[in-house]
Each structure stands twice: as structure tokens, then as C-alpha cells.
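Colleague: Sharing a structure, written as C-alpha cells. Questions coming.
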Amino acid sequence: MPLTLYAHPFSSYCQKVLTGLYENAVDFDYRLLAPDEPENGADLARLWPIGKFPVLTDGGRTLIESSVILEYLDQRHPGPVRLIPDAPDAALQVRFLDRFFDNYVMTPMQRIVADFIRQPEDRHPPTVAEAKALLDQAYDWLEANLGAGSWASGDAFSLADCAAAPSLFYADWVHPIGTGRPKVAAYRARLLARPSFARAVDEARPYRHFFPPGAPDRD
Ligand SMILES: N[C@@H](CCC(=O)N[C@@H](CS)C(=O)NCC(=O)O)C(=O)O
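In the working numbering, the protein residues as written are 2 to 220.
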């Protein structure tokens, strides 16, 4: 039975997992979560009542949470690109950076986007201001800590880059990295040029008009 991924191309966490799948050309059945395919949403609700996606199934096994899905793929469906390095210290650094991008870039980015989905009278400017301040801290930390290698943790593309790609991609749309952080901006550009992530971004282009704050005319 092939791997099955419940996902939507415009979702940032789905792009994180799709990037890992495309890196290693892993075969999978794409179950699009869309109103005109309600059976996929019903399956998702059964598999994971919390309702967040992506969710991956492999035979009778269900994998939930993007980082866990990618680690599972690295263990059970490995390819030439190792998403978690074997060396324990290097693996810890990759897992730390994965948490960094999810918690301090993806999460504030999603908070800002979520505020645009609220009715105007329910919008909450202090939450948006806090999220932007956290993004500034995260961008500054990255600018100071990105190493000389091409990727988040040196010269090998990893789980950390899968997390970085969609988080920096969308975060820059809602709160620009700006010209004062050239290393972060260059890293984001390298991620966008990586064929696996470029493919995920291309697959999401038809949905750009759904981006609640409005998608900029670039990338
Ligand atoms: N921690 C989860 C986050 C997943 C997540 O937030 N997914 C979003 C799409 S990017 C979602 O399910 N949104 C729909 C909802 O919240 O109901 C992961 O890493 O997979």
C-alpha cells in the first residue's frame, strides 16, 4: 500500500512535509483536503480528530505532526538526502532548528495571518504586534547564527530546512525580513531555488488569491 498524505498545497506545514517527500522522490498518494473532495476531510477527521494537517498514513500506521512525519520518512523511506543526520550532536542541532522555525517563525506568521481571517471587529492588534516582535527576534537571531554553509545546519539539507522553507517564505510576506538581514534574505532565496521547495511553491500558486492578507506579487 502506498504512502498517503492528507494535505493542501497552500498550507505551510504541508509544504514542509512535501519538501521532504520531493527531496527523496518518495512516492505517495496525495489526498487533497478541499471542499469538492469531502471524503478526504472525513478521513482526516477520523484519523486525527484534532483536524490539523498534514497527516501521513503508511499501511495501517498514522503519522501526525510534520516533524514526526519527516523523521518517520527518514527512518522508513530513506533516500539520498538524510533529513536527520546520524551523528547525535548534528541530529540535535537539526531538531533544535526545526523547533526554532516552527515555534518562532511559523507560529507568529500564522498568528498574523489568522488575525486577517477574523471579522474586523474581532481583530486583535496587540497579538499581531507581539507576533511581529517575535518574528523580528527570530530574524535577528538567525542573522547572527546562520553559519557559513548553504543550509540551516551546515552544508547538508535537512529537516531544519524543510521547516525553514515555508516558514520564512510566508513570514516574509506578512512581516518582511528587510534589507538589514542579508544572510536571512539570502537563505530564504536559496530555499526558494531548491527544486523540492520550488515545486511545493509552484503547486500552491493557484491558491495565492486565498492568502488572507493578500499575496505580494513576487516569489
Ligand atoms: N504542529 C502541526 C501544525 C499543523 C497545522 O497547523 N496545520 C494547519 C495548516 S498549515 C492546519 O491544520 N490548519 C487547519 C486548522 O487549524 O483547522 C504540524 O507540525 O503538523
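All C-beta atoms, glycine included, are put in the ideal place defined by N, C-alpha and C.
1) Quick check on Leu147: does DSSP put it in helix, strand or coil?
2) Going by the C-beta, is Asp44 closer than 7 Å to any heavy atom of ligand 1?
3) As a quick exercise: from Ile51, Thr20, Pro55, Arg47, pick the residue whose alpha carbon is nearest that of Leu6.
4) Over the uninterrupted beta strand (DSSP E) stretch that includes Thr5, give me the two end residues.
5) Relative to the C-alpha of Ile113, which candidate in Val95, Ala132, Glu204, Phe11 has its C-alpha closest?
6) With 16 as the cutoff for other CB atoms within 10 Å, does Arg32 come out buried or exposed?
7) Nearest CA to the CA of Leu22: which residue from Asp156, Leu84, Ile51?
8) One question on the structure: do Val69 and Ser154 come within less than 8 Å of each other, judged by their Cβ atoms?
9) Please work out which residues of its chain come closer than 7 Å, Cβ to Cβ, to Ala149, disregarding the five sequence neighbours upstream and downstream, and give them in chain order.
10) Nearest by alpha-carbon distance to Asp75: which of Leu193, Cys163, Ala172, Asp116 is it?
11) Which of helix, strand or coil does DSSP assign to Gly155?
12) Give me, in chain order, the residues of the same chain whose beta-carbon lies closer than 7 Å to that of Pro217; leave out the 5 immediate sequence neighbours on both sides.
13) At what residues does the alpha helix (DSSP H) containing Tyr14 begin and finish?
14) On the DSSP bridge list, what partners appear for Phe29?
15) Let's test the definition: count the other Cβ atoms within 10 Å of the Cβ of Ala161 and tell me whether it reaches 16, buried, or not, exposed.
16) Between Leu193, Ala172, Arg182, Leu192, which lies nearest to Gly215 when the distance is taken from Cα to Cα?
17) Quick check: Ala186 and Thr20, are their CB atoms within less than 8 Å of each other?
18) Just verifying my parser: in three-state terms, what is the DSSP assignment at Asp220?
19) Report all residues from its chain with a CB closer than 6 Å to the CB of Asp59; omit the five preceding and five following residues, and keep chain order.
20) Which first and last residues belong to the beta strand (DSSP E) in which Val56 is found?
21) Which of helix, strand or coil does DSSP assign to Arg96?
Modeller: With the given structure in hand:
1) In the structure shown, Leu147 sits in coil (DSSP, three-state: anything other than H, G, I, E or B).
2) No.
3) Ranked by Cα distance from Leu6, the options Ile51, Thr20, Pro55, Arg47 are led by Pro55.
4) Run containing Thr5: 4-8, per the beta strand (DSSP E) assignment.
5) Closest in alpha carbon position to Ile113, among Val95, Ala132, Glu204, Phe11, is Ala132.
6) In this structure Arg32 is buried. Its beta-carbon is surrounded by 16 or more other beta-carbon atoms within 10 angstroms.
7) For the options Asp156, Leu84, Ile51, the alpha carbon positioned closest to that of Leu22 is the one of Leu84.
8) Their beta carbons are not under 8 Å apart, which means Val69 does not touch Ser154 by this criterion.
9) Taken in chain order, the list of residues that qualify is empty.
10) Checked all of Leu193, Cys163, Ala172, Asp116; the closest Cα to Asp75 is Cys163.
11) Gly155 falls in the strand class under three-state DSSP.
12) Trp174, listed in sequence order.
13) Per DSSP, Tyr14 belongs to the alpha helix (DSSP H) from 13-24.
14) Paired residues: Leu4.
15) When all chains shown are included, Ala161 counts as buried.
16) Distance check between Gly215 and each of Leu193, Ala172, Arg182, Leu192 places Ala172 closest, using alpha-carbon atoms only.
17) For Ala186 and Thr20, no; Cβs fall outside 8 Å.
18) If DSSP states are grouped into helix, strand and coil, Asp220 belongs with coil.
19) If the five residues before and after Asp59 are omitted, its C-beta is found closer than 6 Å to the C-beta atoms of Leu4, all from its own chain and listed in chain order.
20) Segment 56-59, the beta strand (DSSP E) holding Val56.
21) In this structure, Arg96 counts as helix in the three-state DSSP scheme.
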